[in-house]
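For what it's worth, numbering that gives the first Met the number 0 labels the leading residue of the sequence shown as 0, then goes sequentially.
Glycine is no exception: its CB is placed at the ideal position from the N, C-alpha and C atoms.
Below: the structure, in structure tokens.
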Amino acid sequence: MTTISREAPSPVSLVPARPGAGRRAWTTARRFVRRKPLGAFGAAVILILIVVAVFAEVLAPADPIAQNQREALLGPSAKHLAGTDQFGRDVMSRLIHGARISLYVGVGATLLTLVPATVLGILSAYVGGAFDYLFQRVVDAIQAVPGLILLIAIVVVLGSNLFNIIVALSFGGAIVDSRVMRGATMQVSKADYVSAARVLGATDVRIMFQHILPNIMPPIIVLASLGFGQFILAEASLSFLGFGIQPPAPSWGNMLASEGRRYMYAAPWLLWAPAAALSLVVFGMNMFGDALRDVLDPRLRGVR
């Protein structure tokens with residue numbers, strides 16, 4: 000006689016399945032848009048800037064440096080959406096290619112600012128003693144020099160190309176942000192888990208980069224978002240004064256200086272087109288940075 004063995008049915012799990020990464024990201028994005036509409040608007044502006052900068056060759060309707068004196072100082076039309084300048088160059092094409100320069104400056108200066116600022120800030124707070132005292136006096140001396148004068152001096156010494164401008168912008172920013180990183184590190188260094196890691200024999204390097212650095216990421220992200228717009232505005236200021244990107248390269252600040260200021264009455268679109276683009280990007284980045292600060296800082300999550 001054959002016996003049929005019956006296996007006991009597997010118990011049904013009562014733990015709900017975790018949603019996928021894509022679904023969680025979509026839920027987080029919707030919550031962010033609902034809670035911080037201005038921050039979402041700023042994120043959309045930055046996303047548009049990135050897309051325009053990456054695909055500038057495709058989106059630009061004309062060559063940004065091609066001259067055509069027969070079409071000089073034409074107003075906005077179907078052919079030239081933002082008009083033309085005194086050399087007959089399409090203003091919209093120059094705006095689109097100028098977004099690429101602004102993106103290079105924003106990303107490059109932000110990275111070259113936050114990396115040394117974070118390292119120096121953590122070392123200054125963690126090591127302390129004579130190193131911290133001397134470094135803070137150097138920071139005080141550099142901060143005593145007006146920022147714009149310091150930028151102009153560095154650009155004059157190094158030269159006014161794109162890389163040197165990014166280096167000049169990041170030098171002053173790294174000095175200022177290192178003090179912010181120092182304050183954040185001093186708060187985290189007093190935590191119990193840092194003391195426990197030190198008691199267990201963890202090295203100083205491991206404590207700084209495995210226990211302290213991950214816990215000061217919120218201020219780093221906020222400084223990155225706010226500094227991005229400030230660096231773009233600073234580059235435009237340098238170009239406006241004649242120390243930034245040199246013509247005929249399309250830069251928003253250069254367009255304001257060489258074209259918009261000279262023909263602001265005869266052709267006002269040469270002034271308001273780059274001014275509107277610059278203002279929109281800086282405003283959007285500031286709104287996005289404020290929203291990130293509210294979301295990442297636990298003390299501000301309940302504030303309306």
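Residue i (DSSP reduced to helix, strand or coil)
i: Asp-84; result: coil
i: Asp-62; result: coil
i: Val-302; result: Confidence at Val-302 is low in this model, with a pLDDT of 49, below 50, so its placement is unreliable and no value can be given for it.
Residue i, buried or exposed, once every other Cβ within 10 Å from all chains shown has been counted against 16
i: Ser-278; result: exposed
i: Trp-268; result: buried
i: Tyr-132; result: exposed
i: Met-216; result: exposed
i: Leu-122; result: buried
i: Ala-152; result: exposed
i: Ser-194; result: exposed
i: Leu-48; result: buried
i: Asp-352; result: Nothing in the structure corresponds to residue 352, since the chain is present only between 0 and 303.
i: Gly-283; result: buried
i: Val-294; result: buried
i: Ala-148; result: Per the sequence shown, residue 148 should be read as Ile rather than Ala. That one is exposed.
i: Arg-22; result: exposed
i: Pro-249; result: buried
i: Gly-128; result: exposed
i: Asp-139; result: exposed
i: Phe-310; result: With the chain running from 0 to 303 in the structure shown, residue 310 is simply not present.
i: Met-0; result: For Met-0, the predicted model reports a pLDDT of 46, less than 50, meaning its position is unreliable and no value from the coordinates is stated.
i: Leu-26; result: The amino acid occupying residue 26 in the given sequence is Thr; Leu does not appear at that position. Exposed: under 16 other Cβ atoms inside 10 Å.
i: Pro-60; result: exposed
Minimum C-alpha distance to residue i - residue among the options
i: Met-114; options: Phe-170, Ala-39, Tyr-103, Gly-252; result: The displayed chain sequence assigns Val, not Met, to residue 114. When each option's Cα is compared against that of Val-114, the closest is Phe-170.
i: Tyr-103; options: Leu-94, Leu-161, Ser-123, Gln-85; result: Leu-161
i: Ser-236; options: Leu-222, Tyr-192, Ser-257, Gly-87; result: Ser-257
i: Leu-270; options: Met-207, Gln-135, Pro-75; result: Pro-75
i: Gln-68; options: Asp-84, Leu-58, Pro-60; result: Asp-84
i: Gly-228; options: Leu-157, Ile-95, Met-286, Leu-94; result: Met-286
i: Ala-265; options: Thr-112, Ala-71, Thr-26, Val-221; result: Ala-71
i: Arg-178; options: Leu-37, Leu-157, Val-137, Arg-197; result: Val-137
i: Asn-163; options: Leu-232, Arg-181, Phe-242; result: Phe-242
i: Leu-94; options: Tyr-262, Gly-252, Val-281; result: Gly-252
i: Gly-120; options: Phe-134, Leu-37, Leu-199, Leu-46; result: Phe-134
i: Gly-158; options: Val-187, Gly-21, Gln-245; result: Gln-245
i: Val-221; options: Arg-29, Thr-117, Ser-238; result: Thr-117
i: Gln-186; options: Leu-46, Gly-87, Asn-214; result: Asn-214
i: Ala-124; options: Pro-247, Ala-248, Leu-255, Met-207; result: Met-207
i: Pro-218; options: Ala-275, Val-156, Lys-189, Gly-182; result: Gly-182
i: Leu-225; options: Gly-172, Ala-275, Leu-212; result: Gly-172
i: Ile-64; options: Leu-73, Asp-89, Val-57, Leu-110; result: Asp-89
i: Phe-86; options: Val-106, Asp-62, Leu-150; result: Asp-62
i: Gln-66; options: Ser-92, Val-280, Ala-272; result: Ser-92
Start-to-end residues for the alpha helix (DSSP H) that takes in residue i
i: Ile-151; result: 146-157
i: Ile-288; result: The displayed chain sequence assigns Gly, not Ile, to residue 288. From DSSP, the alpha helix (DSSP H) with Gly-288 extends over 268-295.
i: Asn-163; result: 161-188
i: Gln-142; result: 128-142
i: Met-216; result: 216-240
i: Asp-191; result: 191-198
i: Leu-48; result: 36-53
Residue i: CB within 7 Å of a non-hydrogen atom of the ligand SAH
i: Asp-289; result: This structure does not include the ligand SAH; it has no bound ligands of any sort.
Does the stretch 46-61 come close enough to the stretch 93-109 to have 3 or more Cβ pairs within less than 8 Å? yes
If we count Cβ pairs, one from each stretch, closer than 8 Å, do we get three or more for the stretch 203-213 versus the stretch 129-146? Result no; under three Cβ-Cβ pairs closer than 8 Å.
Check whether the stretch 25-35 touches the stretch 77-88, counting contact only when three or more Cβ pairs, one atom from each stretch, lie closer than 8 Å. When C-beta atoms of the stretch 25-35 are compared with those of the stretch 77-88, fewer than three pairs fall below 8 Å, so the two segments do not count as touching.
Under 8 Å: do the stretch 40-50 and the stretch 282-296 share three or more Cβ pairs, one atom per stretch? yes
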